[in-house]
Every structure is written in structure tokens, then in C-alpha cells.
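Enquirer:
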Amino acid sequence: MILYHGSRYTIEKPDISFSRNNTDFGKGFYTTTIKSQAINWTGRFKRRFGYGTVSMYDIDELDLRKSVSILEFETYSEPWLEYIVKCRRGEFSGNYDLVIGGIANDDVYNTLTLFFRGYIGKEEAIKRLRYEKPNIQYCFKNQVVIDNYLKFTGMEKI
């Protein structure tokens, strides 16, 4: 399986110590199977510096799934929402090597903002999110897993 990461720089050897807290799935190295999503992630770098970079990685998904602890959200759901809320507040990120699930993109973020600000409740947020098809992200939360499973294969300047 090919994974993509959008950034300012080529990232041959990802290091989660450079990751930010309070993101969708907490501190980790974020990738996606969707190249256009990784290109979207470069947007702020393109606006600020005139370019972005998509780094590409190969991973043996079957071996990975047999070997590491994974939390996976197949849809936008109540457990996904609760996990996102806790991670974005810096309260919880769990003891997982990898978290897989939907990205809080612009459409989803609008619903989350209403929920975070108390304008809608959890039930209404879930109801709205059910109509969104998740853009999947893979958040690697363990440096050893990154070092052993994520193999850099190239980059593309955007």
C-alpha cells in the first residue's frame, strides 16, 4: 500500500517528536492513502512559501495489521467524535501504535466547530457527520513502528 504525507519538506525519515499535539488523533505522523488529500495538506505551505512537497511511502499493510496495536474508525461515529474531542483538547490519545479514521476536513470541521462551541449536541453532530464520506488518514503514534514499517519511496514537489 502507498501512503502520502503533505508538508513543506521531503520527509524521508519521519520523526514524531516534531509532531503537534491537539490534532485529530493526537501527536503522530499523519499520512493518507489519498494523494489528493496529501496535496491539500500542502496548501498552507504553497501559500506561504510557494511550494509544498508530497512524500510517498510503501507499507506492508497485512504485516502491519498483524504486528501493531491499531484503533480504526470506519465511519464518522460517536466513538470517532469522542476520540477527536479528547485528542484536540490534549486530554487523551490512547496507547495505540496507529490510529486510522476519517479526517476532520473543512466540511467535517464546520460540524465539529458547532459541537465544540456548544451550538449542537453530540447526537446532532453525529447525525450531520453520517452524510460525510471519510477521507481516511493514518496517524502513526509510535516511532519504532514508523522506523520498521514506513519505507520512503520518493517525493513530488507541488
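Once you know that position 151 of the sequence shown is 573 in the numbering used here, the rest is easy, because the numbers rise by one and skip nothing.
For each residue, glycine too, the CB sits at the ideal point set by N, CA and C.
Being a predicted model, the structure only gives us computed values, none of them experimental.
1) Take E500 as the anchor and find which of Y426, Y560, I548, T575 has the nearest alpha-carbon.
2) According to DSSP, is T533 helix, strand or coil?
3) In this structure, does DSSP put I522 in helix, strand or coil?
4) Look at the alpha carbon of S458 and the alpha carbon of L425, and state the distance between them as a whole number of angstroms.
5) What is the rounded straight-line gap between the Cα of T454 and the Cα of Q559?
6) Output needed for R442: all residues of its chain with C-beta closer than 8 Å, excluding positions within five of it in sequence on either side, in chain order.
7) Taking the alpha carbon of V507 as the point to measure from, which residue in Y571, N444, Y431, F574 has its own alpha carbon closest?
8) Grab me the residues of L534's own chain with a C-beta within less than 6 Å of its C-beta, minus the 5 sequence neighbours each way, in chain order.
9) Within this structure, are the beta carbons of T464 and I433 separated by less than 9 Å?
10) Measuring only the C-alpha atoms, how far is G540 from D485?
11) To the nearest angstrom, how far is the alpha carbon of D529 from that of S477?
12) Short of 7 Å in beta carbon distance, which residues of its chain neighbour D480, apart from the five on each side in sequence? Order them along the chain.
13) State the DSSP-derived secondary structure class of K563, mapped to helix, strand or coil.
14) Assuming F471 is part of the alpha helix (DSSP H), what are its boundary residues?
15) Since G428 and I461 are thought to touch, with beta carbons under 8 Å apart, how far apart are those beta carbons, to the nearest angstrom?
16) Leaving out the 5 sequence neighbours to the left and right, which residues in its chain are closer than 7 Å to R430 when beta-carbon positions are compared?
17) What does DSSP give as the partner residues of I583 in its beta bridges?
Expert: In terms of the structure at hand:
1) Working through the sequence shown from its first residue, we reach residue 500 at position 78. Comparing Cα-Cα distances from E500 to each of Y426, Y560, I548, T575, the minimum goes to I548.
2) For the purposes of this step, residue 533 is taken as residue 111 along the sequence shown, with counting starting at 1. Reduced to three states, the DSSP call for T533 is helix.
3) For the purposes of this step, residue 522 is taken as residue 100 along the sequence shown, with counting starting at 1. Note: I522 maps to strand in three-state DSSP.
4) Locating residue 458 in the sequence shown gives position 36, counting from the first residue. Locating residue 425 in the sequence shown gives position 3, counting from the first residue. Cα to Cα, S458 sits roughly 11 Å from L425.
5) Locating residue 454 in the sequence shown gives position 32, counting from the first residue. Locating residue 559 in the sequence shown gives position 137, counting from the first residue. Distance between the alpha carbons of T454 and Q559 is about 4 Å.
6) What you label residue 442 is simply residue 20 of the sequence shown in a count that begins at 1. Result list for R442: K449, in chain order.
7) By one-based count along the sequence shown, residue 507 stands at place 85. Cα-wise, what sits closest to V507 is N444.
8) Counting from one through the sequence shown, the residue named residue 534 turns up at place 112. The residues are A526.
9) Translated into positions along the sequence shown, residue 464 becomes position 42. Translated into positions along the sequence shown, residue 433 becomes position 11. Cβ distance not < 9 Å, so T464 and I433 don't count as in contact.
10) Start at 1 with the first residue of the sequence shown, and residue 540 comes out as number 118. Start at 1 with the first residue of the sequence shown, and residue 485 comes out as number 63. C-alpha separation (whole angstroms): 42 Å.
11) The residue labelled residue 529 in the question sits at position 107 within the sequence shown. The residue labelled residue 477 in the question sits at position 55 within the sequence shown. Rounded to whole angstroms, D529 to S477 spans 25 Å at the Cα level.
12) Position 58 of the sequence shown, counted from the first residue, corresponds to residue 480. Same-chain partners within the cutoff: I424, K573, T575.
13) Here residue 563 refers to the residue found at position 141 when the sequence shown is read from its first residue. Note: K563 maps to coil in three-state DSSP.
14) The residue you call residue 471 lines up with position 49 of the sequence shown. It spans 465 to 471 - the alpha helix (DSSP H) in which F471 sits, taken as one unbroken run.
15) To locate residue 428, count along the sequence shown from 1; it is residue 6. To locate residue 461, count along the sequence shown from 1; it is residue 39. Going by Cβ atoms, the distance from G428 to I461 rounds to 6 Å, so yes, they are a contact pair.
16) Numbered from its first residue, the sequence shown carries residue 430 at position 8. Once the five neighbours on either side are set aside, the close Cβ partners of R430 are F467, F471, G474, T475.
17) Any answer about residue 583 is impossible in this case: the structure gives the chain only from 423 up to 580.
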